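I have placed the structure first, in the form of structure tokens, so that the comments after it can refer back to it.
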Amino acid sequence: MTNRNRARLSKLSLGLALALAAAPAFAQTTSSAVGGRLVSGDGAPIAGAQVTITHVASGTSSNATTDAAGRYAARGLRVGGPYTVTFTKDGQTVVREGVYLPLATVAVVDGQIGVAATTTLAAVEVTGIAGADIFNPDNKGMGTSIS
Numbered sequence: 001m002t003n004r005n006r007a008r009l010s011k012l013s014l015g016l017a018l019a020l021a022a023a024p025a026f027a028q029t030t031s032s033a034v035g036g037r038l039v040s041g042d043g044a045p046i047a048g049a050q051v052t053i054t055h056v057a058s059g060t061s062s063n064a065t066t067d068a069a070g071r072y073a074a075r076g077l078r079v080g081g082p083y084t085v086t087f088t089k090d091g092q093t094v095v096r097e098g099v100y101l102p103l104a105t106v107a108v109v110d111g112q113i114g115v116a117a118t119t120t121l122a123a124v125e126v127t128g129i130a131g132a133d134i135f136n137p138d139n140k141g142m143g144t145s146i147s
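Numbering of the sequence shown is given in the numbering used here, commencing with residue 1 and proceeding in unit increments.
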């Protein structure tokens, strides 16, 4: 083998080794995404709604619009949170707060517009044992005395 061929082969080997070593670096993801579906009170998809995803700590926001199936997606978002996702259509607004985005995953945040939020609370009665001092300085839990 001549010196000329040996030099060409070593350059080719070096280039191939660098390309293969750099390949995993290109595959790493450092962002996240959020997506979901917006429906009406009867479950029909809502098309053309404005979706605003706001990173609370920095104030940056991304916008998306729902498609004919009521679906939206926003990619390239900062990992973590908290995020606030706001759905707006025809003057009606639904807000989802405290959304956290995991690394390299699409977090699903769905919304429903046109439903009155009703909450029924039942009466709760709390009773305790009369005369029982649960919280006192001598009550330290279970223990064993060894003499």
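Every residue, glycine too, gets a C-beta built ideally from N, C-alpha and C. Just so we're clear, the structure is a prediction, and the values are computed from it rather than from any experiment.
In the DSSP assignment, what are the bridge partners of residue i?
| i | result |
| --- | --- |
| Leu77 | Ser32 |
| Thr52 | Asn63, Thr86 |
| Leu101 | Gly80 |
Nearest to residue i by alpha carbon, out of the options?
| i | options | result |
| --- | --- | --- |
| Ser31 | Thr93, Gly48, Leu103, Thr86 | Leu103 |
| Ala33 | Asp42, Thr52, Ala69 | Thr52 |
| Asp110 | Leu20, Asp90, Gly15, Gly43 | Gly43 |
| Thr60 | Gly114, Asp67, Val79 | Val79 |
| Arg71 | Ala17, Ser62, Gly15, Gln50 | Gln50 |
| Ala57 | Thr86, Ala69, Gly98 | Gly98 |
Short check: CB of residue i to CB of residue j, under 8 Å?
| i | j | result |
| --- | --- | --- |
| Gln112 | Gly41 | yes |
| Tyr83 | Thr65 | no |
| Leu77 | Leu38 | no |
| Gly35 | Val106 | yes |
| Val85 | Arg96 | yes |
In angstroms with no decimal places, state the Cα-to-Cα distance between residue i and residue j.
| i | j | result |
| --- | --- | --- |
| Ser10 | Ala21 | 16 Å |
| Ala74 | Ile46 | 17 Å |
| Thr12 | Thr29 | Here residue 12 turns out to be Leu, not Thr, going by the sequence shown. Going by the C-alpha atoms only, they are around 29 Å apart. |
| Asp90 | Asp67 | 15 Å |
| Gly81 | Gly15 | 41 Å |
Shorter than 8 Å from the beta carbon of residue i to some beta carbon of chain C?
| i | result |
| --- | --- |
| Ala74 | This model lacks chain C altogether, as it is built from one protein chain only. |
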